[in-house]
Structures are given as C-alpha cells and as structure tokens.
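Written out below as structure tokens is the structure these notes cover.
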Amino acid sequence: MNKLIDHTLLKATATPADIEKLCAEAVVYAFKSVCVNPCYVPLAKEKLAGTDVLVCTVIGFPLGADTIADKRAQTREAVKNGADELDMVINLGKAKAGDYDYVREEVAEVVKAAEGRTVKVILETCYLTDEEKQALARVAAESGAAFVKTSTGFGTGGATESDVRLLRAAVPAAVGVKASGGIKTREDALRMIAAGANRIGTSSGVTIMKEE
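Dropping the structure here:
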C-alpha cells in the first residue's frame, strides 16, 4: 500500500515546518512520493535527499486556468528545483467547451517541459460527464501523460470508484490511474485500488498505514 501513496499537503496555509513533517512521515512509511506546492519543491528535495521518496508538485493548480505558456514555465521551474513528478490540471473551461485540441496541446507542452519525468493529468472529474471523462482521459494518454488523475481535492467532489473504473477503461494499460480527493481510510484506498487505481493521492497516508 505504501508504495501506491503520494503523501500530499497542498493547503494554502502549509508552512515549511508542515512540509518538513510531511517529508519525515514519508520516509518513515516509505511512501512513493510527497506532493507539495511548487514553492516547497526545493525544501522537500533537501529533506528527502538520500531516500527513494520522490518529490511531486502541481502545475496549474487547482483551477487549471493558467495559459499554456504559464504551465510550461511552471513545469520548467519545478524540474529545475528537483521535482520528479508533476500533476497538472487541465483547462476545464476549454474542456467543457469541447476544445480538446487545446487540452491536447497543453498536456503535450507540459510533458515536453518535464523532460521525461512522470506527468499526471488531473481531469477534475466532478465537473465532467462520463463521456467527457473518458474522452479527456484518452486525450491525456495520447499526449504523453503517464497517469490520468481524478481530482485536485479542491473541487466539488473527489475520487469515486465509478470514475476510476471509467478512466481505467479509457486508457491503455501502460497509462496509470491516480485516485485523489476524499480518500481518508484504508478501506477507501482499497476500494480505489480494486476499481483500477495505480496510485493514491491523499493527505491521510499516515492514518491509512496505521490501519494497514
């Protein structure tokens, strides 16, 4: 279980001390990664030096409404600062308008700027129809995403088993599915894994591992 968890702290009020605590917990439980806001990538990289815990950060978070140039620049900065993985939010307004070419371009640009690092594409499924979820998951996969991800955790809803199944069915086996948003217990995590999730984004990683 621990190697499926991105141990996450993306609150606006997170302090450097909070991030240091997050990293220490990630080392104790050997989580796959910590997921932090971009300003804390250098700190997380420093605190996790010499461990196999990865540093993940977010791009265009949480609204996805940044320009493509902004997202590209954010990605380059994150890479320069030591990020190993990048979770980007798609432009939901463009997606809802059916402009999938725009989404395809922005994902491809972030993937290119990531220079081979893992890119997870956040669809924010609470705002999408089932058809949109699957169509956008395919767009993300075709554009080079390593994962499609359900949610930011800041929308009107988080991960659901049905959404994880929809995304899993929409993308090739080589593309992962990350369930994120509202996963607070071991039981929650196991349900998402059973539905097809390869990665779990949660701020409750310690609680889940204590239950495990």
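Numbering-wise (this note's numbering), the sequence shown opens with residue 945 and increments by one.
Using N, Cα and C, we set each Cβ at its ideal position, and we do this for glycine too.
Beta bridge counterpart(s) of residue i as assigned by DSSP
i, result
"residue 979", "952 and 1000"
"residue 1091", "1064 and 1120"
Environment of residue i [buried if 16+ CB atoms lie within 10 Å]
i, result
"residue 1106", "exposed"
"residue 991", "buried"
"residue 1031", "buried"
"residue 1011", "exposed"
"residue 1060", "exposed"
"residue 1138", "exposed"
"residue 1039", "buried"
"residue 1042", "exposed"
Cβ shell of residue i (< 8 Å), same chain only, five flanking positions each side left out
i, result
"residue 999", "977, 978, 980, 985, 988, 989, 992, 1026, 1027, 1028 and 1029"
"residue 968", "991"
"residue 1014", "1004"
"residue 1089", "1051, 1055, 1063, 1064, 1065 and 1119"
"residue 960", "984 and 987"
Span of the beta strand (DSSP E) around residue i
i, result
"residue 1145", "1143–1146"
"residue 1033", "1029–1033"
Beta-carbon proximity list for residue i, same chain, < 6 Å, skipping 5 on both sides
i, result
"residue 1084", "1051, 1065 and 1092"
"residue 1111", "1081, 1092 and 1121"
"residue 1048", "1083 and 1087"
7 Å Cβ shell around residue i - same chain, five flanking residues per side excluded
i, result
"residue 1069", "1077, 1094, 1095 and 1107"
"residue 1006", "1033, 1096 and 1098"
"residue 1140", "1108, 1109, 1112 and 1121"
"residue 1100", "1070"
Continuous alpha helix (DSSP H) stretch holding residue i: start and end
i, result
"residue 1134", "1130–1139"
"residue 900", "This structure cannot speak to residue 900, because the chain is shown only from 945 to 1156."
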